[in-house]
Structures are given as structure tokens and as C-alpha cells.
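Notes follow the structure.
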């Protein structure tokens, strides 16, 4: 009888201990391998969150113009335009008005990027998801850049173009001034004297240059959002983000 009681007690302790350990594993989730569904779900949420946050910030007034890191300026070749127009009364203001207008066009375009990002995220494959999860700190941003750039370019460029074609002074637009400048410069650069002086023609497409600058700014902000989710535990605002990106913490030493 005594042996039976001892055996029963030992068995009960074993079972209770086992259940306690099992509960720890289930509650922590960290010791269980991630499922494909979790990885896909976590990466889609991270991409949507990061892209949405970046777009919302850029779509606000001064989202581009007020951020020196991504503020869109004229190409370096436009320095001659800037220097000359600055000599006339109010010239500095005219130049700044052009820059403001370009940045406002980019801010306006940023209001419409969300559906493009969502469409890209929806098409993510299991291979894409695991590649992003185990990739570089900007792997998700690179995925979005590779899958949305052409569409975003098509969204941004008409708005930038409308801005550069707007007349500013003497019925001359920013693009008119740019084309005049580059045409005269290229005549000199392509002349015998220009070639002897090793002058290089300027073939920069103004609208293309400004559009690409605007998109570079967009993806720079998306990358910053991705980095936060990967490295900052407090930025993982949902259980699925905590679960998926928490699996990387032991590898990277995130705290």
C-alpha cells in the first residue's frame, strides 16, 4: 500500500512538472519553430506597417520639403540657373518656390502609394517571406523597391512634371530654363574647344532625375521603419510581429 502511494505521488509530480514545462514552452512560443503561415503573416504585416508609416509621414505638408535628408533639390548642373536668377530682384524666392513646388508634388504623390504597396505585399510568396526574414536589415525594403518601383515612378513622375512645367517668371518654366541651360552648355562641350578642355555634355532628364530623387526618399523612410521593427522590440506592436521578429533576437542580440 505504501509503495503504491509513493509510486502515485512520484507519477503525479512528474506529470505536473511536465505540464508546467509544456506551458512555459507554449507561452513563450520562442522554442517552437515558426510556421510558414506565421512567417508570411508577420512579414506582410511588417511591410504594410513600415510602408504605411513612411508614406503617411511623407504625405504630410513638409514631409519632403521639411526633411533635409530627403528634400528634393535641383541637379548640381542647375547651379548656373540658380546663380543667375538669384541676381534679379526676388530671384532667390523664385528658386525656392520652384523647389517647394517640386517637393509639394512629391508629398501629394505619397498620398497614393499605399495601394501599390498593398498589392505587392499581397503577392508575396513563401520563398520571398523567408528570404526577407533571414536577409539583410533592409531586405523587406528591397523587396518593395524591386516589386513597386515602376508603378511608383508612374505615379510620381506626372506630378513632378506638372510642377517643372509650370511657368514661374517671364512665362518661363523650370524645365524651359533647364533645357536652355543644358542646350547651350552641350554646344560648348561638344565643340572643339570644349573637347580640348575635356568638358562633358549634360544629358540629365530633369523630370526623371527629380522623380528618382523623390522615390529614393520614400524608400529611405521605408528602410528606417523596417530597421525599427527588426531592432526595436517596442516597435513590434502586434503579437505576430513579436513572434516572427522575436525569432531573430537571439541571432542578433536585440534587447
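Numbering (the numbering used here), first residue to last: 5 to 259.
C-beta: ideal position from N, C-alpha, C; glycine also.
| query | Taking the alpha-carbon positions, what's the residue 215 to residue 224 distance? | reply | Approximately 14 Å between the Cα atoms of the pair.
| Leaving out five residues before and five after residue 130 in sequence, what residues of the same chain have Cβ atoms less than 6 Å from its Cβ? | When the five nearest sequence neighbours on each side are left out, the beta carbons in the same chain lying within less than 6 Å of the beta carbon of residue 130 are those of 40, in order along the chain.
| said: With distance defined between alpha-carbon atoms, name the residue in 125, 231, 96, 207 nearest to residue 185. | reply: 207
| said: What does the alpha-carbon distance come out to for the pair residue 261 and residue 197? | reply: This structure gives no information on residue 261, because the portion of the chain shown stretches from 5 to 259.
| query | Beta carbon of residue 213, beta carbon of residue 37: below 7 Å? | reply | no
| said: Does residue 251 pass the burial test, meaning 16 or more other C-beta atoms within 10 Å, or should it be called exposed? | reply: buried
| Could you give the distance in angstroms between the alpha-carbon of residue 86 and the alpha-carbon of residue 199? | 26 Å
| request: Could you name the residues of the same chain whose beta carbon sits closer than 6 Å to that of residue 51, not counting the 5 residues immediately before and after it, in chain order? | output: Excluding its 5 nearest sequence neighbours in each direction, residue 51 has C-beta neighbours in its own chain below 6 Å: 125, 144, listed in chain order.
| request: Go ahead and label residue 202 buried or exposed: buried means 16 or more other beta carbons lie within 10 angstroms of its beta carbon, across all protein chains shown. | output: exposed
| field | For residue 105 and residue 54, the rounded distance between their alpha carbons | value | 27 Å
| request: Buried or exposed for residue 88, please, with buried defined as at least 16 other CB atoms from any protein chain shown within 10 angstroms of its CB. | output: exposed
| Best match in 231, 222, 159 for proximity to residue 61 [C-alpha to C-alpha] | The residue among 231, 222, 159 with its C-alpha nearest the C-alpha of residue 61 is 222.
| Simplified DSSP state of residue 74, which is helix, strand or coil | coil
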